[in-house]
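>
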DNA sequence: TCTTTAATTTCTATTTATGTTAATTAACGT
DNA sequence: ACGTTAATTAACATAAATAGAAATTAAAGA
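Chains as they are written, first to last, in my numbering: chain A, -17 to 88; chain B, -17 to 88.
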């Protein structure tokens, strides 16, 4: 469900984790603590939420758990927005223009 | 902040409200109750959250409050995803392909 | 084997979010 | 003015999310 994806990204810490992974690529859980003043258990649980929402995935390397963003997750969000943009952008732009025009007239 | 936008869309009821507005255009608060079995006060507060997140806007028409999606909000989400897609999609695709190939080899 | 490192799960406390009922505000129609 | 409709705000109860400390699991390295 789309809203689970949004809910997972709706927390400031989780959003920061995802952005860090997007910018720096695959990282172990320990390195993700740098996103804020937060304990390892808290990070771990946030990672679980993101994983269950399908936004990140885990790879085990020795005693480290490596995390990375699932490309499909970002793509899905883009497609959701794009779906409405494609079909509605033009009419929305026309509506916006009309409202602006209306404002100018008044 | 981006994560406030996601947080607002992370609730099932609010997500349904936004989808209804995207599909049907501007609607009064009363009509948005149809998204589920929920009381008018609950809907009203969800609308407030969406409004404060900049996702919807309100227009007053007589005794009715008309709500609609702000085009820029959808665009912003699309652009966030697109920003990462544009810069990372190719390398991510390459990574995916490499992992698949690795899987085939094993 | 023993100690250290990495990360998670358990436990518990606290905060935040959500929902309902009741009361309030505001405008419409008679 | 009065009753009705539309929607919100207030008050309160409950559920869900988040956090840290402590305990647990698992592998690494001496």
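Note that beta-carbon positions come from the ideal geometry of N, C-alpha and C, so glycine has one too.
1) Does the beta carbon of residue 43(B) come closer than 8 Å to any beta carbon on chain A?
2) Helix, strand or coil, according to DSSP, for residue 57(A) in the structure here?
3) Which value, in whole angstroms, describes the spacing of the CA atoms of residue 58(B) and residue 34(B)?
4) Does the contact criterion of 3 or more C-beta pairs under 8 Å hold for the stretch -4 to 5 of chain A versus the stretch 6 to 16 of chain B?
5) Can you tell me the Cα-Cα spacing of residue 37(B) and residue 55(B), whole angstroms?
6) Where does the unbroken alpha helix (DSSP H) through residue 27(B) begin, and where does it stop?
7) May I ask which residues mark the beginning and end of the beta strand (DSSP E) holding residue 48(B)?
8) Should residue -11(B) be labelled buried (16 or more other beta-carbon atoms within 10 Å of its own) or exposed?
9) Alpha carbon to alpha carbon, what distance is there between residue 25(A) and residue 44(A)?
10) Taking only the alpha-carbon atoms, compute the straight-line gap between residue -5(B) and residue 67(A) and give it to the nearest angstrom.
11) Does residue 66(B) come within less than 8 Å of chain A when only Cβ atoms are used?
The relevant details are as follows:
1) The beta carbon of residue 43(B) sits no closer than 8 Å to any beta carbon of chain A.
2) Per DSSP, reduced to three states, the secondary structure at residue 57(A) is helical.
3) Going by the C-alpha atoms only, they are around 15 Å apart.
4) No, the stretch -4 to 5 of chain A does not touch the stretch 6 to 16 of chain B.
5) Spanning the two alpha carbons is a distance of roughly 5 Å.
6) From DSSP, the alpha helix (DSSP H) with residue 27(B) extends over 22 to 34.
7) Looking at the DSSP string, the run of the beta strand (DSSP E) that includes residue 48(B) is 46 to 51.
8) Of the other Cβ atoms in all chains shown, 16 or more fall within 10 Å of the Cβ of residue -11(B); this residue is therefore buried.
9) The C-alpha of residue 25(A) is placed about 20 Å away from the C-alpha of residue 44(A).
10) Rounded to whole angstroms, residue -5(B) to residue 67(A) spans 22 Å at the Cα level.
11) So yes, residue 66(B) belongs to the interface.
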